[in-house]
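Heads up, the sequence shown is in our numbering, so the first residue is 81 and it goes up one at a time.
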Amino acid sequence: MSIDPVTLQVIGGALHTIAKEMAYVLYRMSFSSIIRESEDLGAGLFNRDFATLCESDNTPLHIGSIPGYLRGIDASMTTPWREGDVVIHNHPYFGASHSPDIAVVVPVFFEGRHVGFAANTAHHVDIGSATPGLIVDIQDIFGEGMLLKAVKLVEGGVRNETVWNYLRNNSRVGKQLQDDLGAQIASAELGARRFQELYATYGAETVEAASAELMNYTERMLRKKIAEIPDGDYYAESWLDDDGRNRNVRLPIKVCVRIRGDEAEVDLTGSSPQVPTAFNVPFEGSTKVACYVAFRSLLLDAATSAVPVPANEGSFRPIKVTAPKGTIFNPIFPTAASARFSQCNRMIDCIIRALSPVLPETSIAGSSASLSFVAYSGLRQSGDYWVFIEVNEGAYGGRPRSDGPDSIDNLMANTRNNPIEDLGMHLPMICDRYELRDDVECGAGRFRGGIGVVKEQRLLEGGWMTHEAERHTDAPWGLFGGHEGAPGRVDIFNHADREGTTEAQHAKISGVVMKPGDTMAFYSPCGGGFGNPLERPARQVLDDVLDGFCTRAYAERAYGVVIDERMTLDDAATAAKRQAMAVAR
């Protein structure tokens, strides 16, 4: 069926609006801060073949993973779909991104025919795992908590109270889990109604033909961009600090990007074997999706594209992902695979680095490419648990036309920070410090790397803490002559019985006991610089010094910019210094 361009655009806009409205309902109705404030979620509509028709503008990993959830549900369902069904699912070996991300799926029927799905995923604070909130050092997947495999929470419009009670009784924050799932259900049911309204307005044939054309259009646009890259094999590698248990044992990440015509393959052969902790990556729900995110970021960036390209299934089709079974990016059941984010981010960083020689105008220098995911928990006087999860920011590397953004989630994440006012209102914690790092000088370039964040969180009543992070031993790289950034670090200090002591921590720590007054200080990695630092205008370097981003000594050492004690440029000395440094290079 031929669709005229105006109708195609209207239906495309309607689909995107539905996804955005679903996400808005979800985070506005949720109770946990990880969903309500950080927006660690995604929502969208999908056709009967599980293809993504539209997605919300939230964390990319959530959206790209939902087709995997749907395929996993389809392989596990024991009863057919019915109107009024609500299914929940989080099994990492049946398509889920990782177990804390529970999907809620509602089938969409129109005139008695099953036409698709409205679905969302959101990160839940606690699903009964071995340690409150987050887990790193566990034996197998059964230590991750509840594994929900195509469970009908509502069947034919009737609530399954047995399952509802099971969920409440097997989480440390069972009421909050139930309430957040309620928000997910409201979001998915809204999406289903809007999808039905779209069908009623334009007719099934028109909506389905338009959806198919929109996916084909996105596929054509991505294939066109890939075809502009010279055929070849492009390599990059890096390493991860450790697996959260076996310290000082680095885990290699090796990436080969193969470009052949209008198709691309990401081959992760040579990367670390799977590890005996939760520091592994579900292949369908996370590894593949991270590769899709990388190519969409490089080739279909909304800010640099001349025309908007819809985010849908078409952006997955030209990309093949290879990861041998039994490796960190494709573990074998029952290997745990919950702490999987930093590996994906570093893999994306490597994809960008590998393609930088042939994509210099869209590549960026090394970003923090990690994730500081931290769970604080404790017991109230009533005996009830409180659990708080936050995502701390990192920094981007320098870019072809601008500095790397400071203190921001990066690469495959899009979560927001949690307001410290919200923290103080609801939990026995205080944020004592939250600002840009001032303990390192790094990332010099024509465009400097972004500056990471430092955050200090103090537990007033004590409790426990688990932290999942990376890049304490490997600084983000510079690109095209830029200098490297800085690695991250974690400290615990201000012990009540040992005032003033500081204990350096590994990036990944599990179930650490926090005494009353103990403070966790997180320093995120800083991004690498892009381009020759000697080409950065001296006035910009002076501005960096005046803003406190670097010292006069670093300005002279890294940029060749001489600033006198009155904080003014010494133009003659700068010219001479830069000339000498250029000759020395």
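All residues carry an ideal CB built from backbone N, CA and C; glycine is no exception.
CA-CA distance, Gly504 and Arg513?
13 Å
C-alpha distance - Trp557 paired with Ser318, whole-angstrom precision
10 Å
Which same chain residues end up closer than 8 Å to Val234 when comparing Cβ atoms and leaving out the 5 residues on each side of it in sequence?
Gly164, Asp165, Val166, Asn240, Ile265
In chain order, what residues of the same chain have a beta carbon less than 6 Å from the beta carbon of Gln276, not counting five sequence neighbours either side?
Phe190
If Gly223 sits next to Asn127, beta carbons under 8 Å apart, how far is it from one beta carbon to the other, in whole angstroms?
About 36 Å; that fails the 8 Å criterion.
Test item: CB-CB of Ala584 and Gly568 under 8 Å
no
Let's test the definition: count the other Cβ atoms within 10 Å of the Cβ of Pro212 and tell me whether it reaches 16, buried, or not, exposed.
buried
Where the alpha helix (DSSP H) through Asn245 begins and ends:
241-249
Can you tell me whether Val387 is helix, strand or coil according to DSSP?
coil
Measure how close the beta-carbons of Val592 and Met545 come, nearest whole angstrom, since I'm counting them as under 8 Å.
5 Å
Under three-state DSSP, which class holds Val401?
strand
If you draw a straight line from the alpha carbon of Thr349 to that of Val335, how long is it in whole angstroms?
7 Å
Quick check: the Cα distance between Val90 and Trp161, rounded to an integer number of angstroms?
30 Å
Terminal residues of the alpha helix (DSSP H) in which Gln423 lies:
421-435
Of all the options Arg108, Leu294, Ile207, Lys588, which has the alpha carbon lying nearest to the alpha carbon of Val253?
Ile207
Evaluate Gly406 with the Cβ neighbour count: other Cβ atoms within 10 Å of its Cβ, from every protein chain shown; 16 or more gives buried, anything less gives exposed.
exposed
Span of the alpha helix (DSSP H), counted from its first residue to its last, around Gln258
254-282
Over what stretch of residues does the alpha helix (DSSP H) that includes Leu88 continue unbroken?
85-109
Assigned secondary structure, Tyr476 (DSSP; H/G/I helix, E/B strand, else coil):
coil
Could you tell me the distance, in whole angstroms, from the CA atom of Glu293 to the CA atom of Gly237?
34 Å
Where does Val86 land, buried or exposed, given buried means 16+ other C-beta within 10 angstroms?
exposed
Taking C-beta to C-beta, are Met295 and Glu393 nearer than 8 Å?
yes
Mind listing, in chain order, the continuous beta strand (DSSP E) runs of no fewer than 3 residues lying wholly within the stretch 506-557?
509-516, 533-539, 543-548
Starting from His152 and walking both ways along the alpha helix (DSSP H), at which residues does that stretch end?
Note that residue 152 corresponds to Gly in the displayed sequence, not to His. 140-156 is the extent of the alpha helix (DSSP H) around Gly152.
Cβ-based burial, His171 [other Cβ within 10 Å; buried from 16]:
buried
What whole-angstrom Cβ distance do Val185 and Leu150 have, given they're in contact under 8 Å?
7 Å
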